[in-house]
Amino acid sequence: MKRILVIDDAATVRLYHREILEQAGFAVTEAVNGLEALEKLETGPPFDLYLVDINMPKLDGYGFLRALRKKDIPQAPAIMISTESSPSDRADALMAGANLYIIKPIKPDQLLPLVRGLLGEERQP
Amino acid sequence: MPKSTIISDEDFQKFREFFYRKTGMLFEDSKRYFVDKRLLERMTATGCESFRTYFTMLRFQASGAELQTLINAMTVNETYFFREEYQFRCLVDSILKEIITHHPASRPIRIWSVPSSSGEEPYGIAMYLLEHWPQLEHWDVEIISSDIDTRILEQARAGLYASRAIQHVPAPLLKKYFRRMGAQYQISQTLREAVEFTRVNVHDTADMRSHRHFDVIFCRNLLIYFDDLSRKKTAESFFDALNPGGFICLGHSESMSRISPLFQIRRFPEAIVYQKPLEAR
Amino acid sequence: MALKKGQPTPPSHSPGERQDARNLETLLQTLLDEDPSKRRWAARDLAEHPAATGALVSRLRRETDATVLQVIVTALGCLANDEAIRGLIDCLYSENAMLRNTAIEVLKELPDPVAPHMGELLHDADPDVRIFAVNVLESLRHPQVEAWLVEVILKDEHINVCATAVDLLGEVGGPQSRDALAALKQRFPEEPYIQFAADLALKRIGVE
Ligand SMILES: C[S@@+](CC[C@H](N)C(=O)[O-])C[C@H]1O[C@@H](n2cnc3c(N)ncnc32)[C@H](O)[C@@H]1O
Chain U
1 MKRILVIDDA
11 ATVRLYHREI
21 LEQAGFAVTE
31 AVNGLEALEK
41 LETGPPFDLY
51 LVDINMPKLD
61 GYGFLRALRK
71 KDIPQAPAIM
81 ISTESSPSDR
91 ADALMAGANL
101 YIIKPIKPDQ
111 LLPLVRGLLG
121 EERQP
Chain W
1 MPKSTIISDE
11 DFQKFREFFY
21 RKTGMLFEDS
31 KRYFVDKRLL
41 ERMTATGCES
51 FRTYFTMLRF
61 QASGAELQTL
71 INAMTVNETY
81 FFREEYQFRC
91 LVDSILKEII
101 THHPASRPIR
111 IWSVPSSSGE
121 EPYGIAMYLL
131 EHWPQLEHWD
141 VEIISSDIDT
151 RILEQARAGL
161 YASRAIQHVP
171 APLLKKYFRR
181 MGAQYQISQT
191 LREAVEFTRV
201 NVHDTADMRS
211 HRHFDVIFCR
221 NLLIYFDDLS
231 RKKTAESFFD
241 ALNPGGFICL
251 GHSESMSRIS
261 PLFQIRRFPE
271 AIVYQKPLEA
281 R
Chain A
1 MALKKGQPTP
11 PSHSPGERQD
21 ARNLETLLQT
31 LLDEDPSKRR
41 WAARDLAEHP
51 AATGALVSRL
61 RRETDATVLQ
71 VIVTALGCLA
81 NDEAIRGLID
91 CLYSENAMLR
101 NTAIEVLKEL
111 PDPVAPHMGE
121 LLHDADPDVR
131 IFAVNVLESL
141 RHPQVEAWLV
151 EVILKDEHIN
161 VCATAVDLLG
171 EVGGPQSRDA
181 LAALKQRFPE
191 EPYIQFAADL
201 ALKRIGVE
């Protein structure tokens, strides 16, 4: 089962993503901020995808991605989620190491194809 | 009891604020009974008829003696030997190994165990070094251990323990490092001479200024008693108490990820610990 | 070589580390020192000098070292006077995400001094600032939190401001929030997240 790390400081958002992704057959782990996400990387098997909020305490989404991309571990795609829509944010997210940048609020039928696409699973039954 | 010795809601609030500012310990409403009880005890002991007189004394007494006594009464000192032992393993097998790669040979390696409570943790560290760190032949290691509670520090210096505290000490170590004294066990003189105990309030910048240049800090089961802002403040002081490249070990239910971004997360086979970057200034 | 008793650090431990007087004037000077570690020590000590609030706030705008920034924000949180609170609130408008997020964390801890500013922040023209303001409400132990959140989900036009608020209502909301949550679902019928979060909040509040 593919493992996805959901990083967001809002509990409801994590739960929302968890339900969508678990129903689609993914295994979900949660982290409340970028630092905790980095800690999760140290304590378990690697993840296949990251779903990353931008604004979080302690370490934000950009900081997490920059640290992630420097790590000597199997790299996996990351989707950055933002509430803003200014073009510079998108550029910053991609620079920091995101593969995709999407704007909240997110609909399940929008998220799942993106996730499957990044995981190379487009042609799911 | 005269009516005036009842502690009102406002008194409780005022006291809580004051105590929090002094120590970082924040009492939730659910602790009200415990706090009132301790306050009333101290009021009786000092002969204060009303909360107001007591509170005034607490705040303005020049020696601070009553505040210290009250702090002693309010702290939770529970601890035992080899609590969270995996971190001691991590110390001897991983942390020190890394530290000696960059530590100047002319200087001792400094370890700070704070809070010490009755001394089980720093003495345990000393025992571990003696037993499991052969490099001790080539290095001097200084251990300092501190607590806010002066009564518990006296106990730590005396090094006398009931059997409950030593239940996780393996028999050979018990034999080697303890002496039986009636129902109690006293820790050996070698160990008592290896640990310096000092009184420190981690919230006091002057106290913290005099505790610096450490390579490893153990701060376990203290931050859980603090609120977020005090935790952050304490973590930041520890950052400056460490040498660059120094490590901090927290209790197993505590994570720096929720406290401060100043440190790097380091994973060793035995434990996750936090490091002040080697290049930090 | 062996185990030894360590000693507390003497005031002049290593060369160049003179024990400077820790009075207000020298501390304010040290806040501008080129050594970040000295700036951190100064900021930490200044947390006990309300008169230094202005200096800390203006240093916040210029400071480039992330570790010093953290300590200054903490110091302002400890001072918690109105000038300090205003300084922290200004950080919500900062381009520096780390600074913004740290300020939010600290503001969350200060219900009483932050409360008078909440009304204004929740009506800021910038939706991002309103989102940050709602974030501050998260753990603000203040009796008015629920009322503020209800107002947000009834009136705020920006979906993400409402989304952030409804997330918190699940934690702090009581029966008074029920109508507002139902109204929110009506306002954004096509948004699965809002439906999900509002239902969750309603479930947590309980029916009766
Ligand atoms: C539960 S003990 C922890 C002992 C040991 N480190 C362990 O993990 O077993 C907590 C200790 O923290 C001390 N303490 C509480 N507030 C403190 C403060 N502001 N500064 C220093 N020590 C404090 C108490 O006196 C108490 O001895």
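If you read the protein sequences in the order shown, they are chains U, W and A.
For the first sequence, UniProt numbering puts the final residue at 125, and the numbers step up evenly by one.
For the second sequence, UniProt numbering puts the final residue at 281, and the numbers step up evenly by one.
For the third sequence, UniProt numbering puts the final residue at 208, and the numbers step up evenly by one.
Note that beta-carbon positions come from the ideal geometry of N, C-alpha and C, so glycine has one too.
None of the values given here were measured: they were computed from a predicted structure.
Strictly below 9 Å CB to CB, what residues from chain U border A:A51? Residue numbering aside, residue 51 of chain A sits at position 51 when the third sequence is read from its first letter. What A:A51 touches in chain U, judged by beta-carbon distance under 9 Å, is nothing: the nearest beta carbon there is about 30 Å away.
* To do: Compute the minimum distance between the beta carbon of W:D149 and the heavy atoms of ligand 1, and state whether it is under 7 Å.
  => For the purposes of this step, residue 149 of chain W is taken as the residue at position 149 of the second sequence. Indeed, a heavy atom of ligand 1 lies less than 7 Å from the Cβ.
- Query: So, does the CB of U:N99 fall closer than 8 Å to a CB anywhere in chain A?
  - Reply: Here residue 99 of chain U is taken as the residue at index 99 of the first sequence, counted from 1. With 8 Å as the cut-off, U:N99 does not count as an interface residue toward chain A.
Taking only runs of the beta strand (DSSP E) that begin and end inside the stretch 90–155 of chain W, which ones reach a length of at least 3 residues, in chain order? 109–113, 141–147
* Length of the line joining the Cα atoms of residue 210 of chain A and A:E120 -> Nothing can be reported for residue 210 of chain A, as the shown portion of chain A is limited to 1 through 208.
Practice task
Going by CA-CA distance only, name the one from W:D228, W:D93, W:F263, W:R83 that's closest to W:Y20.
Solution key: Taking the first residue of the second sequence as 1, we reach residue 20 of chain W at position 20. Ranking W:D228, W:D93, W:F263, W:R83 by Cα distance to W:Y20 puts W:D228 first.
Taking the C-alpha atoms as reference points, what is the distance between W:P261 and W:E236? Walking along the second sequence from the start, residue 261 of chain W turns up at place 261. Walking along the second sequence from the start, residue 236 of chain W turns up at place 236. Distance between the alpha carbons of W:P261 and W:E236: 10 Å.
**Q.** Bridge partners - W:M25, DSSP secondary structure assignment
**A.** Start at 1 with the first residue of the second sequence, and residue 25 of chain W comes out as number 25. Looking at the DSSP assignment, W:M25 forms a beta bridge with W:F226.
Discussion item. Is any non-hydrogen atom of ligand 1 found closer than 7 Å to the C-beta of residue 314 of chain W, if you look at the structure I gave you?
Written reply: In this structure chain W extends from 1 to 281, so residue 314 of chain W is not present and cannot be described.
State the Cα-Cα distance for the pair A:P8 and W:R42, rounded to the nearest angstrom.
Mapped onto the third sequence, residue 8 of chain A falls at position 8. Mapped onto the second sequence, residue 42 of chain W falls at position 42. Taking the straight line joining both Cα atoms gives about 32 Å.
query = In chain U, which residues lie less than 8 Å from W:L267 when you measure between Cβ atoms?
reply = Numbered from 1 along the second sequence, position 267 holds the residue referred to as residue 267 of chain W. For the sequence presented, residue 267 of chain W should be read as Arg rather than Leu. Per Cβ cutoff of 8 Å: E42, T43.
Subject >> According to DSSP, residues forming a beta bridge with residue 213 of chain A >> reply: Missing from the structure shown is residue 213 of chain A; chain A here goes from 1 to 208 and no further.
Exercise for the section: Check A:T156 in the structure and name its three-state DSSP category. Expected result: Against the third sequence, residue 156 of chain A aligns to sequence position 156. Position check: residue 156 of chain A holds Asp in this sequence, whereas Thr was assumed. Note: A:D156 maps to coil in three-state DSSP.
Could one say the Cβ of U:M56 lies closer than 8 Å to chain A's Cβ atoms, at least one of them? Locating residue 56 of chain U in the first sequence gives position 56, counting from the first residue. Yes, U:M56 counts as interfacial toward chain A.
| query | At a Cβ threshold of 8 Å, is A:A9 touching chain W? | reply | In the third sequence, the residue the question calls residue 9 of chain A occupies position 9. Inspection of the sequence shows that residue 9 of chain A is occupied by Thr rather than by Ala. True, the Cβ-Cβ gap to chain W drops below 8 Å.
Interfacial residues, the stretch 152–182 of chain W to chain A, with Cβ spacing under 9 Å: none
Within the continuous beta strand (DSSP E) that includes U:V52, where are the two ends? On the first sequence, position 52 is the one that residue 52 of chain U refers to. That run of the beta strand (DSSP E) goes 49–53.
So who's on the other strand from W:E193, going by DSSP bridges?
-> On the second sequence, position 193 is the one that residue 193 of chain W refers to. Looking at the DSSP assignment, W:E193 forms no beta bridge with any residue, so it has no partner.
Open item on the list: Rounding to the nearest angstrom, what Cα-Cα distance links U:Y50 and U:Q110 in this structure?
Closed with: Sequence index remark: in the first sequence, residue 50 of chain U carries index 50 (1-based). Sequence index remark: in the first sequence, residue 110 of chain U carries index 110 (1-based). Approximately 16 Å between the Cα atoms of the pair.
Review point. Any idea what DSSP makes of A:R178, helix, strand or coil?
Key: For the purposes of this step, residue 178 of chain A is taken as residue 178 along the third sequence, with counting starting at 1. In the structure shown, A:R178 sits in a helix (DSSP, three-state: H, G or I).
Does any residue of chain A have a CB that is nearer than 8 Å to the CB of residue 145 of chain U? No answer is possible for residue 145 of chain U: the residues shown for chain U start at 1 and end at 125.
Check: W:L91 C-beta below 7 Å from any heavy atom of ligand 3 | Looking at this structure, you won't find ligand 3 anywhere; what it does contain is ligand 1.
task = Return no unless some Cβ of chain U is closer than 8 Å to the Cβ of W:S116.
result = Looking up residue 116 of chain W in the second sequence gives position 116. Cβ-Cβ to chain U under 8 Å: no for W:S116.
- Query: Excluding five sequence neighbours on each side, which residues of the same chain lie with their C-beta closer than 6 Å to the C-beta of U:D8?
  - Reply: Locating residue 8 of chain U in the first sequence gives position 8, where the first residue counts as 1. R14, D53, listed in sequence order.
Using C-beta distances below 6 Å, list every residue in its chain close to U:A24, excluding the 5 sequence neighbours before and after it, in chain order.
Stepping through the first sequence from its first residue, residue 24 of chain U is reached at position 24. So the qualifying residues of the chain are L112.
Q: Determine the extent of the beta strand (DSSP E) in which A:T67 is found, giving its start and end residues.
A: If you number the third sequence from 1, residue 67 of chain A lands on position 67. That residue, A:T67, is in no beta strand (DSSP E); its alpha helix (DSSP H) goes 66–79.
For this session: For W:E84, I'd like the list of residues in its chain whose CB is within less than 6 Å of its CB, leaving aside the five on either flank, ordered along the chain.
Result: For the purposes of this step, residue 84 of chain W is identified with residue 84 of the second sequence, where counting begins at 1. Excluding residues within five positions, the ones whose Cβ falls inside 6 Å are H252.
Worksheet item: Is the stretch 124–133 of chain W touching the stretch 75–91 of chain W, taking contact as three or more C-beta pairs under 8 Å?
Response: yes
(request) Please name the residue or residues paired with W:F218 in a DSSP beta bridge. (result) Reading the second sequence from its first residue, position 218 is the one you call residue 218 of chain W. W:S113, W:C249, per the DSSP bridge assignment.
At a Cβ cut of 9 Å, what residues of the stretch 95–112 of chain W count as close to chain A, listed as they run along the chain? P108, R110, I111, W112
Using a Cβ cut-off of 8 Å, which residues of the stretch 75–89 of chain A contact any Cβ in chain W, in chain order? G77, C78
Examine chain W for any beta-carbon lying closer than 8 Å to the beta-carbon of U:L35, and answer yes or no. In the first sequence, residue 35 of chain U corresponds to position 35, counting from 1. Judged by the 8 Å Cβ criterion, U:L35 is in contact with chain W.
W:Y225 Cβ short of 7 Å to ligand 1 heavy atom set
If you number the second sequence from 1, residue 225 of chain W lands on position 225. The answer is yes for W:Y225.
**Asked** Out of W:S106, W:V195, W:V202, which has the shortest C-alpha to C-alpha gap to W:T234?
**Response** Looking up residue 234 of chain W in the second sequence gives position 234. Of the listed residues, the one whose Cα sits closest to W:T234 is W:V202.
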